[in-house]
Amino acid sequence: MTGRATYGFDTLQVHAGARPDPATGARQTPIYQTTAYVFRDADHAAALFNLQEVGYIYSRLTNPTVSVLQERVATLEGGVGAVACSSGHAAQIMALFPLMGPGLNVVVSTRLYGGSITQFSQTIKRFGWSATFVDFDDLDAIKAACDDNTRAIFCESIANPGGYITDLDAVAAIAETQGIPLIVDNTSATPYLCRPFEHGATLVVHSTTKYLTGNGTVTGGVVVDSGKFDWSQNDKFPSLSQPEPAYHGLKFHETFGNLAFTLHGIAIGLRDLGMTMNPQGAHYTLMGIETLSLRMDRHVANAKTIAKWLEADPRVEFVTYAGLKSSPYFERIERICPKGAGALFTVAIKGGYDACVKMVNGLEIFSHVANLGDARSLVIHAASTTHRQLTIEQQIAAGAAPNVIRFSIGIEDVNDLIADIDQALAQATSDI
Ligand SMILES: *Cc1c(COP(=O)(O)O)cnc(C)c1O
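If you want this note's numbering, it's the 1-based position in the sequence shown plus 66.
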């Protein structure tokens with residue numbers, strides 16, 4: 067199916083990028099469980115290796131099942147191309163790889179997924195890259211953090227663990243002035259709730275592990291390019307604008323125009339870093355995406371109902387959910403995430419650390435796991451798990467204070483979820 071702009075989201079999530087299998091007529095996208103592809107002849111092989119003809123060589127680079135997923139996510143985001151990867155964290159490295167080099171930096175939000183904070187503050191240093199962390203509500207601080215060596219600005223649309231919505235338009239304007247791309251991790255929002263390219267972002271990354279797949283079965287990631295950034299506007303991006311030594315001197319931007327970033331990601335990123343998504347994983351994610359809008363509507367409706375119920379409960383100190391009128395970010399939802407503020411939020415429980423531990427032990431439908439964005443409702447007490455190595459001050463700054471638990475609200479019957487929370491809260495706060 068083609069005709070990107072003409073169909074609605076609900077149609078595109080089922081059809082974009084897919085067509086009946088040309089060999090068999092199979093209606094569902096087959097799982098092309100193959101490593102290699104037979105060349106028609108030696109000239110065909112040479113044309114493929116020269117990137118003169120589009121086709122399949124080896125599944126570290128491209129695979130037909132994975133290609134359908136790439137096309138589908140690119141279409142849902144309104145981008146020109148996408149590269150699927152083995153995980154969300156792989157997608158983040160793949161997004162930065164064509165832009166960065168030793169001595170260069172990226173300006174990132176302090177409100178990021180915990181794993182991203184570690185990746186950016188520690189691991190990327192091994193490549194000679196660095197990250198400067200700033201509060202993205204302080205636009206002057208973002209500007210001040212950008213220097214001649216900054217090659218990207220990175221943030222999340224709805225920041226995990228929820229309750230925070232980034233003013234993407236304002237941040238994109240800063241990136242534009244600097245002549246650098248804004249990269250948005252759109253995992254918590256999905257393209258159904260937020261379309262970062264409409265707010266000026268250049269690249270979007272996802273952990274497809276979460277809502278896009280939607281049932282906690284596979285890890286995966288994707289990098290999507292808006293195709294709108296001019297990589298030759300300055301001399302900051304030589305891998306794209308200058309002869310690329312890693313591909314016999316090919317000039318990607320001059321040769322491929324708005325597909326330069328995507329083709330660099332495949333021809334060099336996947337070829338040499340090898341963070342490839344496998345066809346089985348792509349299959350599960352494609353099946354998940356078919357119902358994305360239906361699930362997200364239910365996730366958001368359930369999250370709103372439960373957050374309101376909790377906020378009114380005397381056993382609760384506060385709830386941070388941008389979908390509540392009490393949230394300082396409530397005003398931004400209409401503009402940035404018009405279909406809702408997602409389904410992740412934190413709750414502070416009277417009774418502190420001990421009450422939170424009893425609460426997660428007492429819940430029956432909610433599973434205590436280090437994951438989010440599953441059809442199932444999930445909960446985690448960060449202070450005793452993912453954030454336990456941090457000091458109390460660091461835990462509070464990360465929105466993971468000892469008295470706080472995080473919910474990822476699923477698509478079950480909302481009355482069952484409220485009853486479950488009610489009985490667990492009763493156990494947790496019985497002696498206060
Ligand atoms: C889970 C997650 C990631 C990392 O993705 P993996 O697939 O686990 O590598 C990155 N960003 C956000 C917002 C996430 O929720």
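The C-beta atom is built at its ideal place from N, Cα and C for all residues, glycine as well.
These figures come from a predicted structure and were not determined experimentally.
Residue 120 counts as exposed, since fewer than 16 other C-beta atoms from the protein chains shown sit within 10 angstroms of its C-beta. With fewer than 16 other CB atoms across the displayed protein chains lying within 10 angstroms of its CB, residue 209 is exposed.
For residue 488, the enclosing alpha helix (DSSP H) has its first and last residue at 480-494. Excluding its 5 nearest sequence neighbours in each direction, residue 372 has C-beta neighbours in its own chain below 8 Å: 473, 475, 480, 483, 484 and 487, listed in chain order. If you check the CB distance, residue 413 and residue 385 come in under 7 Å. Counting only unbroken stretches of 4 or more residues, the alpha helix (DSSP H) elements lying wholly within the segment 223-262 are 234-244 and 256-259, in sequence order.
Contact check between the segment 320-334 and the segment 185-192: fewer than three CB pairs, one atom from each, fall below 8 Å, which does not count as touching.
Here the distance from the Cβ of residue 155 to the nearest heavy atom of ligand 1 is below 6 Å. Distances taken from the Cβ of residue 351 to the heavy atoms of ligand 1 include none shorter than 6 Å. The closest CA to that of residue 115, considering only 177, 466 and 334, is found on 334. Between the alpha carbons of residue 496 and residue 416 lies a distance of about 11 Å.
Residue nearest to residue 451 within the set 459, 467, 397 and 463 is 467 (criterion: CA-CA distance). Between the segment 158-166 and the segment 127-147, the count of Cβ pairs shorter than 8 Å is below three; the stretches do not touch. The Cβ atoms of residue 405 and residue 389 lie no closer than 7 Å to each other. In this structure, 276 is the residue among 95, 276 and 86 with its C-alpha nearest to the C-alpha of residue 437. By the beta-carbon neighbour count (other beta carbons within 10 angstroms, threshold 16), residue 338 is exposed. Distance check between residue 287 and each of 347, 86 and 268 places 347 closest, using alpha-carbon atoms only.
Straight-line measurement puts the Cα of residue 498 at about 42 Å from the Cα of residue 250. When DSSP states are grouped into helix, strand and coil, residue 427 belongs to the helix group. When only Cα atoms are considered, residue 305 and residue 316 end up about 9 Å apart. By the neighbour-count definition (other C-beta atoms within 10 Å, threshold 16), residue 206 is an exposed residue. Taking the CA atoms as reference points, residue 101 sits about 43 Å from residue 200. DSSP places residue 269 in the uninterrupted beta strand (DSSP E) bounded by 269-273. In this structure, the beta-carbon distance from residue 196 to residue 226 does not fall below 7 Å. For residue 359, the shortest separation between its Cβ and any heavy atom of ligand 1 does not lie below 6 Å.
At a Cβ-Cβ threshold of 7 Å, residue 247 and residue 211 do not count as neighbours.
When C-alpha distances from residue 98 are compared across 349, 387, 407 and 78, the shortest belongs to 349. Distance from the Cα of residue 234 is smallest, within the candidate group 243, 432 and 264, for 264. The secondary-structure analysis by DSSP pairs residue 412 across a beta bridge with 386 and 472. Closest in C-alpha terms to residue 81, from the list 365, 352 and 494, comes 352. Our two residues, residue 340 and residue 144, have alpha carbons roughly 26 Å apart in a direct line. Between residue 382 and residue 289, the gap from beta carbon to beta carbon reaches 7 Å or more.
With a cut-off of 6 Å, the C-beta of residue 232 is classified as distant from ligand 1, since no heavy atom of the ligand falls inside that distance.
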